[in-house]
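Participant: First, the structure itself, so that you have it in front of you.
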Amino acid sequence: MAILEVRNVEKSFGKTNVLKGISFDLNEGDVLSIIGSSGSGKTTLLRCINFLETADSGKITVDGDVIFDSSSETKLSKKEQLEKQLSIGLVFQDFNLFPQYNILDNVTLALKVRARKRPDFRKNKKEILKEIEEKALSVIKKMGLEDKIYNYPCELSGGQKQRVSIARAMALEPKILFFDEPTSALDPELTGEILKVIRELAEDNMTMVIVTHEMTFAKEVSDYIVFMDNGIIAEEGKAEDVIGNPKTERLRAFLSKISD
Amino acid sequence: MSFSVVTTDLLVGFLENIKLFGVTLLLAIPLGLVIALGSMTKFTPLRKFTRGFVWAIRGTPLMLQLFVVLYVPGLVFDVQIPGNNPRFTAAVIAFVINYACYFSEIYRGGIEGIPKGQYEAGQVLGLSKSQTFFKVVLMQVVKHIVPPMGNEIMTLIKDTSLARVIAIGEVITKAESFSAKGIIWPLFYTGVFFLVFCGILTIVLGKIEKKLDYYKG
Ligand SMILES: Nc1ncnc2c1ncn2[C@@H]1O[C@H](COP(=O)(O)OP(=O)(O)OP(=O)(O)O)[C@@H](O)[C@H]1O
Ligand SMILES: [Mg+2]
């Protein structure tokens, strides 16, 4: 069974019909890349799945758990929504780190705030906080930032900031990790370090959805590629087929434009 | 007239300035937050009303507002300002409303200046709106508003001398009672009190800014 099922998701902003019925499946451990020209609706799709926007219609299921269903009578409460939100992590294009906290605190903040709500928090406060810290340190280490834990975001390079933001998302142990153009706010020489980190996550069988303009990377790291055009999925398939052997004129045009 | 007699007398007056300053700050800082929330609410009638009110307060002289607070309740509604020192109470009311409106605009600017991404990051990390506000946004707002709040606070101590128009015995009023007897210099001497006070404020505010300077952004 697919870990993420997206069915007929539609979204309009006023009169602009941005998503015109998007459906796809993602299997556990797979990497899906979403490509497509600017304005085709890639970010909007990610935001709808992450509850940053509310889709107008459609159904989204994560690991058998329906997180959004426009046809259902009962609406999720804010609290339920926050719980479900946690099954999906999101790495933003422009990091959105918390500037007033050091790297360790950026990674632990959400875990610590949420731990306070645990019934046994007062009794086991010390152990809980220690556990959180250890978990955070292990993801920070994985991102190669163990010597920066007491630095503030303003003291890091763009690539390091993006690695912190990946660590922050990973610390919550999401079932799926989403990336929205994780390298496009970075200088070209810094994109490599982020792509390397994502590649390592893929080797660890992390399920990921990546919006990217890096075609070579997409082809190499992803199992599946979806090409979005003007609010629909115009072509999809195995990575090497979609990039190596495009069937639609649209995708051919897009690929040749990008490779210039 | 000896220097020490004048100094003592002026100090008594300046104490009124400080009292008005302190009470105004204490009340206007929280009231400003309430007004700021009103001016940002999604409930349009309340938002429009609040913004209109702030506009009216910022668009008229504080001196006029002092007169309005002192006279209008009695003349129009036939109610007396309570307390054993109604003039001082009137001054406090006018100052608090006036400064709360200025503060509210500073707060609003500070809150609206926080990038949307900060709220979104809080949300995708599973924090509720209020958790995000208190744990993520608030400190950043404080850092952004300290310099403009500092300016307003420096202006406040100087503005307190306006209270003399409703016969509060503040420092300049005291000095004028000397000049009525032909001694002019105490009038200029009052400047020293303000200068010293502003000097202290500058140091304190500078310390706060420095404390918040451990990060950028
Ligand atoms: N909040 C919004 N209000 C109105 N229109 C919006 C909003 N967000 C996105 N849009 C519109 O939706 C369309 C798709 O935008 P989206 O950001 O999803 O594209 P994208 O594929 O991510 O593009 P890019 O590659 O440039 O990031 C655009 O035409 C955009 O103007
Ligand atoms: Mg986008």
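Residue numbers (the working numbering), protein chains in the order written: chain A, 1 to 260; chain B, 261 to 477. By construction, the Cβ of each residue, glycine as well, lies at the ideal position given by its N, Cα and C atoms.
1) Using a cut-off of 8 Å between C-beta atoms, extract the partners of B/Met414 located in chain A.
2) Answer yes or no: the CB of A/Gly41 versus the heavy atoms of ligand 1, is any distance below 7 Å?
3) Which chain A residues are close to B/Thr377, counting only those with a beta carbon under 7 Å from its beta carbon?
4) Could you give the distance in angstroms between the alpha-carbon of A/Gly14 and the alpha-carbon of A/Ile232?
5) Excluding five sequence neighbours on each side, which residues of the same chain lie with their C-beta closer than 6 Å to the C-beta of A/Glu236?
6) Just to confirm my understanding: we take A/Ala115, look at its own chain, exclude 5 residues before and 5 after, and list those with CB closer than 8 Å. What are they?
7) Going by DSSP, name the residue or residues bridged to A/Glu236.
8) Are B/Phe281 and B/Thr415 touching if we call contact CB-CB under 8 Å?
9) Looking only at its chain, what residues have a beta carbon closer than 8 Å to the beta carbon of A/Ile258, apart from the 5 residues adjacent to it on each side?
10) Measuring only from the beta carbon, is A/Glu181 closer than 7 Å to any heavy atom that is part of ligand 2?
11) Tell me the DSSP secondary structure of A/Arg7 in three-state form.
12) So which of A/Gly244, A/Phe95, A/Phe254 has the shortest CA-CA distance to B/Val384?
13) Residues in the same chain with beta-carbon distance under 7 Å from A/Gln81, minus the five sequence neighbours each way, listed in chain order, please.
14) With DSSP as the reference, label A/Gly36 as helix, strand or coil.
15) Rounding to the nearest angstrom, what Cα-Cα distance links A/Glu28 and A/Gly89 in this structure?
16) I believe A/Thr44 touches A/Lys11 by the beta-carbon criterion, under 8 Å. Please report the beta-carbon distance rounded to the nearest angstrom.
17) Could you tell me which residues DSSP pairs with A/Leu90 in its beta bridges?
18) For chain B, find out if any of its Cβ atoms is closer than 8 Å to the Cβ of A/Arg7; answer yes or no.
19) For A/Thr16 and A/Phe68, what's the separation of their Cα atoms in angstroms?
20) Out of B/Asp473, B/Cys361, B/Leu398, B/Asn277, state which residue places its alpha-carbon closest to the alpha-carbon of B/Thr320.
21) Anything in chain A within Cβ reach of B/Gly386, meaning under 8 Å, just list it in chain order.
22) Can you check which of these residues, B/Leu335, B/Glu469, B/Val352, is closest to B/Leu326 by C-alpha distance?
23) Does any heavy atom of ligand 1 sit closer than 7 Å to the C-beta of A/Val226?
24) Starting from A/Met206, follow the alpha helix (DSSP H) in both directions and report where the run begins and ends.
25) Am I right that A/Leu97 and B/Gly386 are in contact with their C-beta atoms under 8 Å? What's the rounded C-beta distance?
26) Would you mind sorting A/Asp30 into buried or exposed? The rule is 16 or more other CB atoms within 10 Å of its CB.
27) Should B/Gly477 be flagged as near chain A, meaning a C-beta pair shorter than 8 Å?
28) Counting only Cβ-Cβ distances shorter than 7 Å, please list the residues of the segment 389-407 of chain B near chain A, keeping chain order.
29) Examine ligand 1 and report whether any of its heavy atoms sits within less than 7 Å of the Cβ of A/Phe254.
30) From the beta carbon of B/Glu380, is the nearest beta carbon of chain A less than 8 Å away?
31) Measuring straight from C-alpha to C-alpha, what distance separates A/Met143 and B/Val356?
32) Let me make sure I understand the geometry here. Which of A/Phe92, A/Ala55, A/Gln93, A/Val91 has the alpha-carbon closest to that of A/Lys75?
33) Using a Cβ cut-off of 8 Å (strictly closer), state whether B/Gln383 contacts chain A.
34) Pick out the complete alpha helix (DSSP H) segments inside the segment 290-333 of chain B, 4 residues or longer, and give them in chain order.
35) Do B/Gly273 and B/Val431 have their C-beta atoms within less than 8 Å of each other?
Facilitator: In short, the structure shows the following:
1) By 1-based counting over the second sequence, the position of residue 414 of chain B is 154. Here the premise fails: no neighbours, minimum Cβ distance about 26 Å.
2) Counting from one through the first sequence, the residue named residue 41 of chain A turns up at place 41. Yes, since a heavy atom of ligand 1 falls inside the 7 Å radius drawn around the Cβ of A/Gly41.
3) On the second sequence, residue 377 of chain B is found 117 positions in, with the first residue counted as 1. Residue identity differs from the one stated: residue 377 of chain B is Gly in this sequence, not Thr. Neighbours of B/Gly377 on chain A, chain order: Phe92, Asp94, Asn96.
4) The residue given as residue 14 of chain A occupies position 14 in the first sequence. The residue given as residue 232 of chain A occupies position 232 in the first sequence. C-alpha separation (whole angstroms): 18 Å.
5) For the purposes of this step, residue 236 of chain A is taken as the residue at position 236 of the first sequence. Excluding residues within five positions, the ones whose Cβ falls inside 6 Å are Val226.
6) Translated into the one-based positions of the first sequence, residue 115 of chain A becomes position 115. Excluding residues within five positions, the ones whose Cβ falls inside 8 Å are Phe121, Ile128, Leu129, Ile132.
7) Indexing the first sequence from 1 puts residue 236 of chain A at position 236. A/Glu236 pairs with A/Val226.
8) As a position in the second sequence, residue 281 of chain B is number 21, starting the count at 1. As a position in the second sequence, residue 415 of chain B is number 155, starting the count at 1. Against a cut-off of 8 Å, the Cβ pair of B/Thr415 and B/Phe281 comes out as no contact.
9) Translated into positions along the first sequence, residue 258 of chain A becomes position 258. So the list reads His213, Met215, once near-sequence residues are dropped.
10) Indexing the first sequence from 1 puts residue 181 of chain A at position 181. Yes, the beta carbon of A/Glu181 sits closer than 7 Å to at least one heavy atom of ligand 2.
11) Walking along the first sequence from the start, residue 7 of chain A turns up at place 7. Correct three-state label for A/Arg7: strand.
12) Sequence index remark: in the second sequence, residue 384 of chain B carries index 124 (1-based). Ranking the options by Cα distance to B/Val384, first place goes to A/Phe95.
13) Within the first sequence, residue 81 of chain A is the residue found at index 81, counting from 1. So the qualifying residues of the chain are Phe51.
14) As a position in the first sequence, residue 36 of chain A is number 36, starting the count at 1. Strand at A/Gly36.
15) What you label residue 28 of chain A is simply residue 28 of the first sequence in a count that begins at 1. What you label residue 89 of chain A is simply residue 89 of the first sequence in a count that begins at 1. C-alpha separation (whole angstroms): 15 Å.
16) Locating residue 44 of chain A in the first sequence gives position 44, where the first residue counts as 1. Locating residue 11 of chain A in the first sequence gives position 11, where the first residue counts as 1. Between A/Lys11 and A/Thr44 the Cβ distance is about 6 Å, and since that is below 8 Å, they are a contact.
17) Position 90 of the first sequence, counting from 1, holds the residue named residue 90 of chain A. Note: A/Leu90 sits in a beta bridge opposite A/Phe178.
18) By 1-based counting over the first sequence, the position of residue 7 of chain A is 7. No, A/Arg7 does not count as interfacial toward chain B.
19) Counting from one through the first sequence, the residue named residue 16 of chain A turns up at place 16. Counting from one through the first sequence, the residue named residue 68 of chain A turns up at place 68. Rounded to the nearest angstrom, the two C-alpha atoms are 22 Å apart.
20) Stepping through the second sequence from its first residue, residue 320 of chain B is reached at position 60. With distances taken between Cα atoms, B/Thr320 lies closest to B/Cys361.
21) Taking the first residue of the second sequence as position 1, residue 386 of chain B is located at position 126. Simply Leu82, Glu83, Gln85, Leu86, Ala110, Arg114, Leu172.
22) Counted from its first residue, the second sequence places residue 326 of chain B at position 66. Here the closest residue by C-alpha is B/Val352.
23) Counting from 1 along the first sequence, the entry for residue 226 of chain A is found at position 226. No, Cβ of A/Val226 sits at least 7 Å from all heavy atoms of ligand 1.
24) Indexing the first sequence from 1 puts residue 206 of chain A at position 206. It is not in any alpha helix (DSSP H) - A/Met206 carries neither H nor E in the DSSP assignment.
25) Indexing the first sequence from 1 puts residue 97 of chain A at position 97. Indexing the second sequence from 1 puts residue 386 of chain B at position 126. At roughly 16 Å, the Cβ-Cβ gap does not stay under 8 Å, so A/Leu97 and B/Gly386 are not in contact.
26) In the first sequence, the residue the question calls residue 30 of chain A occupies position 30. With 16 or more other Cβ atoms within 10 Å, it is buried.
27) Position 217 of the second sequence, counted from the start, is the residue given in the question as residue 477 of chain B. Yes - at least one Cβ of chain A is within 8 Å of the one on B/Gly477.
28) Gln391, Lys395, Val396, Met399, Gln400
29) On the first sequence, residue 254 of chain A is found 254 positions in, with the first residue counted as 1. Outside the cutoff, so no.
30) Position 120 of the second sequence, counting from 1, holds the residue named residue 380 of chain B. Taking Cβ atoms only, chain A reaches closer than 8 Å to B/Glu380, which makes this a yes.
31) As a position in the first sequence, residue 143 of chain A is number 143, starting the count at 1. As a position in the second sequence, residue 356 of chain B is number 96, starting the count at 1. Taking the straight line joining both Cα atoms gives about 52 Å.
32) Sequence index remark: in the first sequence, residue 75 of chain A carries index 75 (1-based). Looking at the Cα atoms, A/Ala55 is the closest of the given residues.
33) For this step, residue 383 of chain B is matched to residue 123 along the second sequence. By this cut-off, B/Gln383 is an interface position.
34) 304-318
35) Here residue 273 of chain B refers to the residue found at position 13 when the second sequence is read from its first residue. Here residue 431 of chain B refers to the residue found at position 171 when the second sequence is read from its first residue. Yes, these two residues count as a Cβ contact at 8 Å.
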